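Structure first, then comments.
Residue numbers (the working numbering), protein chains in the order written: chain A, 128 to 216; chain B, 8 to 254.
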């Protein structure tokens, strides 16, 4: 898979429909290769039914987001964990 | 974020075009009034949604071009020939006309004036837009951190914000790189960004600068690769790519 992708920054708007924290700054760990990095650095393919975010290390799918008129489907089976910065001030 | 702030999911707001400025023959800055705008950080973006009379909707993401200023929101939009959204926004939309805006979004590719590290901004083409928001935020806050902008464009006529960047301000260094055609007197031969350019006009890695790179995917990968080769830590390099969904 090469070319024709955006980065995880493009997930910020669609994810903001679901979550109240910004997930693009969260650290995501890939199931397939174990690499961890900001969601903002995932490779996002938009020419699919929904958004497909792949690991920049191994190109496997980390998360998928599909929006229907009434629901948002978030498929996280490629994600080990999401470490989300929590502002406790 | 204040503890008392009520968490909420983002919703669409009506924005009305207030004024426009021409940046190049094909790029235009649109200033919108967005009542109740919550403010934003330099580097963040918004989603813009258009709805046709028959109910068809389409949306695009655009970077904010200027720091928060009350209810005012500025976007600079490159008109993509044959595009579905950008020609409408840059050529048809008139002052007073509404669009819907959702944002601000994105919390990773952001710069705050209180950040202590020197800053290196590397822009390719219209990738200048979120970096210009950082330049303007730096100027408005009179930040003491030094900031360097390396801005790669095809020709002098393709420069956004040309007059404003020529004036500069204390603490800001601007270098233009030309890939196709340089102005007279320019010593550097037109060409794509190289390690020599970022070695000469960036910061030494020892200074621990925060690096922001924005542009088309190929440009971003090249620039980020050069920065890593120069010895910058990967976590100090933040990137934002323009993808294929434009238009």
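The beta-carbon is built from N, C-alpha and C at its ideal position, and this holds for glycine as well.
Note that the structure is predicted; figures quoted are calculated from it, not measured.
Taking only beta-carbon positions, decide if residue i is within less than 8 Å of chain E.
i, result
"residue 165 of chain A", "This model lacks chain E altogether; the protein chains it does include are A and B."
Find the residues of chain A that neighbour residue i, judging by a C-beta separation of less than 7 Å, and give them in chain order.
i, result
"residue 83 of chain B", "Here the premise fails: no neighbours, minimum Cβ distance about 17 Å."
"residue 44 of chain B", "Result: empty, since nearest Cβ-Cβ is about 15 Å, beyond 7 Å."
"residue 116 of chain B", "136 and 167"
Whose C-beta lies closer than 6 Å to the C-beta of residue i among residues of the same chain, with five residues either side of it excluded?
i, result
"residue 9 of chain B", "Its pLDDT being 40, under 50, residue 9 of chain B is placed unreliably in this model, and the value from its coordinates should be taken loosely. Cβ neighbours of residue 9 of chain B beyond the five flanking positions: none."
"residue 200 of chain A", "193"
"residue 48 of chain B", "117"
"residue 207 of chain A", "156 and 158"
"residue 97 of chain B", "35, 84 and 86"
Can you list, in chain order, the residues of its chain whose CB lies under 8 Å from that of residue i, leaving out five sequence neighbours each side?
i, result
"residue 58 of chain B", "64 and 107"
"residue 25 of chain B", "38, 39, 40, 79 and 102"
"residue 134 of chain A", "167, 168, 169, 170 and 171"
"residue 229 of chain B", "199 and 200"
"residue 136 of chain A", "151 and 167"
"residue 56 of chain B", "19, 64, 65, 66, 106, 107, 108 and 109"
"residue 178 of chain B", "145, 150, 151, 152, 153 and 154"
"residue 128 of chain A", "In this predicted model, residue 128 of chain A has a pLDDT of only 46, less than 50, meaning its place in the structure is not dependable; the value taken from the coordinates is given anyway. Result list for residue 128 of chain A: 170, 172, 181 and 186, in chain order."
Return yes when the Cβ of residue j is within less than 8 Å of the Cβ of residue i, no when it is not.
i, j, result
"residue 53 of chain B", "residue 105 of chain B", "no"
"residue 34 of chain B", "residue 133 of chain B", "yes"
"residue 131 of chain B", "residue 223 of chain B", "yes"
"residue 162 of chain A", "residue 184 of chain A", "yes"
"residue 71 of chain B", "residue 123 of chain B", "no"
"residue 5 of chain B", "residue 126 of chain B", "Not covered by the structure: residue 5 of chain B. The range shown for chain B is 8 to 254."
"residue 165 of chain A", "residue 147 of chain A", "no"
"residue 27 of chain B", "residue 36 of chain B", "yes"
"residue 221 of chain B", "residue 137 of chain B", "yes"
"residue 114 of chain B", "residue 131 of chain A", "no"
"residue 208 of chain B", "residue 157 of chain B", "yes"
"residue 175 of chain A", "residue 212 of chain A", "no"
"residue 183 of chain B", "residue 160 of chain B", "yes"
"residue 16 of chain B", "residue 144 of chain A", "yes"
"residue 1 of chain B", "residue 93 of chain B", "The structure shown does not extend to residue 1 of chain B, since chain B is modelled only from 8 to 254, so the question has no answer here."
Name the chain B residues whose beta carbon is nearer than 8 Å to that of residue i?
i, result
"residue 144 of chain A", "16 and 17"
"residue 149 of chain A", "112, 113, 114 and 115"
Figure out for me which residue from the options has the closest Cα to the Cα of residue i.
i, options, result
"residue 172 of chain A", "A:147, A:193, A:145 and A:198", "A:193"
"residue 30 of chain B", "B:122, B:135 and B:99", "B:135"
"residue 245 of chain B", "B:120, B:129 and B:74", "B:129"
"residue 121 of chain B", "B:139, B:150 and B:99", "B:150"
"residue 190 of chain A", "A:169, A:210, A:139 and A:197", "A:169"
"residue 181 of chain A", "A:144, A:140, A:196 and A:158", "A:158"
"residue 154 of chain B", "B:184, B:119, B:186 and B:161", "B:119"
"residue 141 of chain A", "A:160, A:204 and A:167", "A:167"
"residue 141 of chain B", "B:51, B:238 and B:235", "B:51"
"residue 188 of chain B", "B:43, B:165 and B:88", "B:165"
"residue 42 of chain B", "B:61, B:75 and B:60", "B:75"
"residue 109 of chain B", "B:242, B:69 and B:247", "B:69"
"residue 206 of chain B", "B:147, B:236 and B:241", "B:236"
"residue 210 of chain B", "B:181, B:176 and B:247", "B:181"
"residue 219 of chain B", "B:195, B:194 and B:247", "B:247"
"residue 214 of chain B", "B:243, B:88 and B:176", "B:243"
"residue 225 of chain B", "B:172, B:241, B:185 and B:249", "B:249"
"residue 179 of chain A", "A:205, A:210, A:198 and A:209", "A:205"
Quick one: list the residues of chain B neighbouring residue i, beta-carbon separation under 9 Å, in chain order.
i, result
"residue 186 of chain A", "Here the premise fails: no neighbours, minimum Cβ distance about 14 Å."
"residue 140 of chain A", "17, 52, 53, 54, 66, 68, 109, 110, 112 and 113"
Please list the partners that residue i has in chain B, where partner means a Cβ-to-Cβ separation under 7 Å.
i, result
"residue 161 of chain A", "In chain order: nothing, as chain B lies at least about 16 Å away."
"residue 267 of chain A", "No statement about residue 267 of chain A is possible, as the shown extent of chain A runs from 128 to 216 and does not include it."
Name, please, each residue of chain A whose Cβ falls closer than 9 Å to the Cβ of residue i.
i, result
"residue 91 of chain B", "The premise fails here: residue 91 of chain B is roughly 14 Å from chain A at the closest Cβ pair, so nothing lies under 9 Å."
"residue 246 of chain B", "134, 136, 167 and 168"
Identify, in the order they occur along the chain, each residue of the same chain with its Cβ nearer than 7 Å to the Cβ of residue i, setting aside the five sequence neighbours on each side.
i, result
"residue 11 of chain B", "At residue 11 of chain B, the pLDDT of 40 sits below 50, so the modelled position is not reliable; the number obtained from the coordinates is stated separately. Answer for residue 11 of chain B: no residue qualifies."
"residue 73 of chain B", "81, 140 and 143"
"residue 169 of chain B", "none"
"residue 7 of chain B", "With chain B covering only 8 through 254, there is no way to say anything about residue 7 of chain B."
"residue 202 of chain A", "190 and 191"
"residue 210 of chain A", "153 and 154"
For the ligand ATP, is there any heavy atom lying closer than 7 Å to the beta carbon of residue i?
i, result
"residue 174 of chain A", "For the ligand ATP, the structure offers nothing, since it holds no ligand at all."
Using a Cβ cut-off of 8 Å, pull out every chain A residue sitting near residue i, in sequence order please.
i, result
"residue 58 of chain B", "Within 8 Å Cβ-Cβ: nothing; residue 58 of chain B doesn't reach chain A, min ~14 Å."
### Task
Please specify which runs of the alpha helix (DSSP H), each continuous and at least 4 residues long, are wholly inside the segment 59-98 of chain B, giving them in chain order.
Counting only runs of 4 or more, we get nothing.
### Task
Jot down the residue ranges of each uninterrupted alpha helix (DSSP H) in the segment 175-205 of chain A, minimum 4 residues, whole runs only, in chain order.
Listed in chain order, there is nothing to give.
### Message
If we require 4 or more residues per run, which alpha helix (DSSP H) segments fall completely within the segment 168-196 of chain B?
### Response
169-174
### Start-end ranges of the alpha helix (DSSP H) lying completely within the segment 136-165 of chain A, minimum 4 residues
Counting only unbroken stretches of 4 or more residues, the alpha helix (DSSP H) elements lying wholly within the segment 136-165 of chain A are 139-143, in sequence order.
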